[in-house]
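Written out below as structure tokens is the structure these notes cover.
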Amino acid sequence: MSDLTKSEHVTPPGASDPLSVGERELDRFPNPGLPEHKHRLSDESEAGSKRVERQIVILFVLSLLASIGGVVGYFAFPVGVTLGSVQASTLSIGLGLGVGMLGIGIAAVHWAKALMSDVEQVDERHAQRSDDATRAAAVQALKDGADDSRIARRPVLKGALVSAVAVAPLAFVVPLVGNLGGDWNVSKFRYTMWGPGVRLARDPDGGLIRPEQVTIGSVWHVIPDGLLGSEHMLEEKAKAVVLMVRMNPTELTEAPERADWSWDGIVAYSKVCTHVGCPVALYEQQTHHLLCPCHQSTFDVSDGAKVVFGPAKRALPQLPITVDDEGYLVARSDFTEMVGPSTWERERYTDLPVSDEEKAH
Amino acid sequence: MVKALASARRHRFAPVVLMLFALLAVGGIYAVAAPQAAVADSASQDDVTEGEKLFQANCASCHGPSAEGRTDVAPSLIGVGAASVHFQVSTGRMPMAANAPQAPEKGVQFSTEQTAQLAAYVASLAPGPAIPDGEQVDPALGDAANGMLVFRTNCAMCHNAVGAGGALSEGKYAPSLFNSTPTEIYEAMLTGPQSMPVFNDENITPEAKRDVIAYLMEQRADDSSPGGANLGAIGPVSEGMWVWIIGMGALIGASVWIGAKSS
């Protein structure tokens with residue numbers, strides 16, 4: 001490579017100095033070459049080399065002891081029911097493994113650096129391009145092979161080969177992709193457990209809620225009644241969680257078409273952020289702002305939970321609520337749009353009338 | 001007369017008489033002006049009267065002479081109850097030092113007795129949440145496991161999973177609960193100070209509130225962090241700092257050592 005580089009240098013005509021003006025600017029410093037070889041302490045005296053050897057042996061012995069200690073720790077500290085026994089077990093096994101491996105590594109590097117040969121060698125790189133004759137021979141070999149197989153004259157064979165190679169990967173690609181979701185029924189994200197007459201219940205214990213219990217300034221984390229103990233409880237909870245607050249009706253701004261979605265200043269909104277679906281639950285009582293802990297999207301609960309800050313693009317879906325004959329808070333219907341982050345199917349499932357048949361689907 | 005007094009000054013009993021007069025004077029002043037023994041449990045009419053004086057001197061400039069509040073300055077205190085006053089004053093949050101997004105916890109301005117008098121006065125204005133008694137906030141009587149469930153649902157999003165605190169918007173924050181007393185924690189849930197919402201007894205029952213206190217007290221136990229140093233329990237911030245500065249620093253150091261020539 002160095003020869004090649006030198007041959008590319010152009011000496012301007014008439015310049016007697018091999019270093020031209022242009023080169024002189026680039027090569028202001030002479031190539032210092034390799035530094036003078038200095039012997040290590042372990043090379044210069046037998047005692048030094050013995051000392052290094054001792055150090056390496058100590059490191060290996062340390063590793064050995066740590067590894068044995070880890071095994072001893074496994075038997076000495078059985079993982080019991082207390083947190084202390086878990087701590088002792090993991091700590092002793094971890095220290096044994098860690099110091100055991102680290103000791104071997106440090107010893108090996110120290111050995112290589114301080115005891116093994118320190119002769120400096122220079123290997124020049126060779127050019128990556130093969131010479132023309134080798135290249136021509138390689139191309140000829142490929143051509144000969146193609147001619148020998150007569151693939152150009154046997155189109156059926158060619159087609160069969162391409163088809164077989166193209167289809168073979170499907171045997172693992174199709175199961176791989178098919179197992180990704182397991183369930184491709186996106187419309188189920190449209191529906192939650194909420195529906196006409198479903199009572200609002202307290203998270204986590206499921207107690208039913210009366211409107212007079214929800215005092216001004218308080219915030220309630222709400223789940224649908226019947227969720228606890230139901231099949232797929234966590235999946236349903238993830239879609240149906242609601243945050244309910246009561247504020248002074250004079251502080252509440254409501255869209256005319258949603259005037260009957262609240263009850264005497266009590267409003268309920270989905271707790272699933274419309275950005276990427278984190279639970280939005282940091283409610284500031286004085287500003288009525290609801291903050292998402294993941295990306296700081298902020299929603300104004302006093303004004304339709306519209307976005308006032310952050311990356312979310314849509315207001316939180318509101319759960320229409322009312323009070324049933326027995327005086328408990330109930331949902332008037334399911335959410336009228338998909339909860340959670342936007343998907344490309346979202347538009348298809350927004351603002352459609354929700355019938356029981358659809359919900360059953 | 002003056003002459004007689006002047007000569008009596010040198011009488012050998014004069015110091016004794018003077019001493020008697022001085023003792024009498026101190027005793028008399030003490031009897032009139034001494035603070036009454038603190039009565040924390042039951043607020044007397046005296047407490048209310050003293051509390052009103054303290055209120056007029058220290059609180060009325062913002063909260064109004066009748067605690068009715070002033071628009072855009074300070075909220076009305078009518079009906080906030082003794083619990084709210086005790087929480088705000090005994091943690092030093094009130095009186096507020098400066099207009100800020102949030103009243104921080106700071107040096108306490110009033111004695112325990114004065115705090116009780118202020119609380120008695122505000123409680124006398126209108127019914128409100130009372131200061132909880134010892135049994136209501138005793139962590140030994142609570143169920144920490146249920147407390148964790150309630151805390152996780154209602155509190156952890158702002159106060160962090162173990163109560164280390166966290167940031168809110170525009171300079172506000174949920175404070176750490178590691179140094180709060182059980183009474184303060186109970187009062188905060190009951191009254192919803194500042195940005196915090198109210199968790200009334202219908203939402204989180206008194207028993208569940210005590211469970212929450214039991215859970216939080218358990219986080220302070222010496223063996224509450226079996227994984228080793230908890231780095232303030234504030235999650236990815238301090239843990240990331242540790243990984244990037246200590247962990248990466250050690251890796252860089254090791255790389256330099258491997259590449260360096262042995263001496």
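Chains A and B are the protein sequences, given in the same order.
Once you know that position 165 of the first sequence is 165 in the UniProt record's numbering, the rest is easy, because the numbers rise by one and skip nothing.
Once you know that position 234 of the second sequence is 234 in the UniProt record's numbering, the rest is easy, because the numbers rise by one and skip nothing.
All C-beta atoms in this analysis are idealised placements derived from N, C-alpha and C, irrespective of residue type, glycine included.
Contact set between residue i and chain A, taken where Cβ atoms lie within less than 7 Å
i                     : result
residue 347 (chain B) : Here chain B comprises residues numbered 1 to 263, so residue 347 (chain B) is not present and cannot be evaluated.
Asp-223 (chain B)     : Leu-83 and Gly-84
Ile-252 (chain B)     : Within 7 Å Cβ-Cβ: nothing; Ile-252 (chain B) doesn't reach chain A, min ~15 Å.
Ser-255 (chain B)     : What Ser-255 (chain B) touches in chain A: nothing, since even the nearest Cβ is about 11 Å away.
Beta carbon proximity, residue i to chain B, threshold 8 Å
i                     : result
Glu-347 (chain A)     : no
Pro-341 (chain A)     : no
Arg-258 (chain A)     : no
Gly-197 (chain A)     : no
Ala-66 (chain A)      : no
Ala-240 (chain A)     : no
Val-186 (chain A)     : no
Trp-344 (chain A)     : no
Val-323 (chain A)     : no
Glu-284 (chain A)     : yes
His-221 (chain A)     : yes
Val-109 (chain A)     : yes
Leu-176 (chain A)     : no
Leu-291 (chain A)     : yes
residue 384 (chain A) : Limits of chain A in this structure are 1 at one end and 361 at the other, which puts residue 384 (chain A) out of reach.
Leu-228 (chain A)     : no
Residue i at chain A interface by Cβ criterion, 8 Å
i                 : result
Met-189 (chain B) : no
Pro-238 (chain B) : The question names Pro, but residue 238 (chain B) in the sequence shown is Ser. Chain A contact via Cβ: absent.
Met-217 (chain B) : no
Gly-247 (chain B) : no
Leu-149 (chain B) : yes
Thr-153 (chain B) : yes
Gly-192 (chain B) : yes
Met-241 (chain B) : no
Ser-262 (chain B) : yes
Ile-258 (chain B) : yes
Trp-244 (chain B) : no
Ala-38 (chain B)  : Model confidence at Ala-38 (chain B) stands at a pLDDT of 40, short of 50, so the residue's coordinates are unreliable; what they give is reported in the following sentence. Judged by the 8 Å Cβ criterion, Ala-38 (chain B) is not in contact with chain A.
Amino acids of chain A, ordered along the chain, whose beta-carbon sits closer than 9 Å to that of residue i
i                : result
Cys-62 (chain B) : Within 9 Å Cβ-Cβ: nothing; Cys-62 (chain B) doesn't reach chain A, min ~15 Å.
Amino acids of chain E, ordered along the chain, whose beta-carbon sits closer than 7 Å to that of residue i
i                 : result
Glu-202 (chain B) : Given the protein chain composition of this structure (A and B), no chain E is represented.
Residue i: contacting residues in chain B (beta-carbon distance under 7 Å)
i                 : result
Ala-281 (chain A) : Met-157
Contact test: residue i Cβ vs the ligand NAP heavy atom, cutoff 7 Å
i                 : result
Pro-341 (chain A) : By its list of ligands, the structure shown contains no ligand whatsoever, and the ligand NAP lies outside what it can speak to.
Under 8 Å from the C-beta of residue i: neighbouring residues of chain A
i                 : result
Ile-172 (chain B) : The question names Ile, but residue 172 (chain B) is Lys in the sequence shown. Near Lys-172 (chain B) (Cβ distances below 8 Å), the residues of chain A are Glu-284.
Pro-226 (chain B) : Leu-83, Gly-84, Val-86 and Gln-87
Met-196 (chain B) : Gln-285
Partners in chain B for residue i, counting only beta-carbon separations shorter than 8 Å
i                 : result
Thr-298 (chain A) : Ser-169
Legend entry - Segment contact flag, the stretch 237-256 of chain A with the stretch 212-228 of chain A, C-beta cutoff 8 Å, min 3 pairs: yes
Legend entry - Members of the stretch 97-112 of chain B near chain A, C-beta cut-off 9 Å: none
Inset, instruction - Answer yes if the stretch 154-169 of chain B comes into contact with the stretch 248-265 of chain A, meaning at least three C-beta pairs across the two stretches below 8 Å, and no otherwise. - result: no
Inset, instruction - Tell me the start and end of each unbroken alpha helix (DSSP H) in the stretch 195-264 of chain A that is at least 4 residues and wholly inside, in chain order. - result: 233-240
Legend entry - At least 3 beta-carbon pairs within less than 8 Å: the stretch 274-281 of chain A vs the stretch 291-304 of chain A: yes
Legend entry - Where the stretch 28-55 of chain A meets chain B: residues whose CB sits under 9 Å from a CB there: Lys-38, Arg-40, Leu-41, Ser-42 and Val-52
Inset, instruction - Run through the stretch 313-355 of chain A for me and flag every whole beta strand (DSSP E) of 3 or more residues, listed as ranges in chain order. - result: 321-323 and 329-331
Inset, instruction - Decide yes or no for the touch test of the stretch 228-235 of chain B against the stretch 94-108 of chain A: beta carbon pairs closer than 8 Å, at least 3 of them. - result: no
Inset, instruction - Flag this pair as touching only if the stretch 193-212 of chain B and the stretch 311-323 of chain A have three or more C-beta atom pairs under 8 Å; answer yes or no. - result: no
Legend entry - Sufficient close CB pairs (3 or more, under 8 Å) joining the stretch 168-183 of chain B to the stretch 212-228 of chain B: yes
Inset, instruction - Indicate whether the contact test is met: 3 or more Cβ pairs, each with one atom in the stretch 267-276 of chain A and one in the stretch 225-245 of chain A, closer than 8 Å. - result: yes
Inset, instruction - Give, in chain order, every unbroken run of the alpha helix (DSSP H) that is at least 4 residues long and sits entirely within the stretch 71-156 of chain A. - result: 83-114 and 132-149
Legend entry - Contacting positions in the stretch 110-143 of chain A - beta carbon closer than 7 Å to chain B: Lys-113 and Ala-114
Inset, instruction - Mind listing, in chain order, the continuous beta strand (DSSP E) runs of no fewer than 3 residues lying wholly within the UniProt domain "Cytochrome c" (142-220) of chain B? - result: none
Legend entry - Within the stretch 265-292 of chain A, ranges of the beta strand (DSSP E) (whole runs, at least 3 residues): 266-270, 282-284 and 289-291
Legend entry - Stretch-stretch touch, CB-based, cutoff 8 Å, three pairs: the stretch 73-88 of chain A with the stretch 117-137 of chain A: no
Inset, instruction - Say whether the stretch 149-158 of chain B touches the stretch 99-112 of chain B, bearing in mind that this needs 3 or more beta-carbon pairs closer than 8 Å, one atom from each stretch. - result: no
Inset, instruction - Could you say if the stretch 54-61 of chain B and the stretch 125-137 of chain B meet the contact criterion of at least three C-beta pairs nearer than 8 Å? - result: no
Inset, instruction - Decide yes or no for the touch test of the stretch 55-63 of chain A against the stretch 104-115 of chain A: beta carbon pairs closer than 8 Å, at least 3 of them. - result: yes
Inset, instruction - Could you tell me whether the stretch 132-150 of chain B touches the stretch 194-214 of chain B, where touching means 3 or more Cβ pairs closer than 8 Å? - result: yes
Legend entry - Stretch pair the stretch 19-29 of chain B + the stretch 81-100 of chain B: three plus CB contacts closer than 8 Å: no
Legend entry - Cβ contact check for the stretch 34-43 of chain A and the stretch 115-126 of chain A: 3 or more pairs under 8 Å: yes
Inset, instruction - With a floor of 4 residues, list each alpha helix (DSSP H) that falls wholly inside the UniProt domain "Cytochrome c" (46-126) of chain B, ordered by position along the chain. - result: 60-63, 81-90 and 112-125
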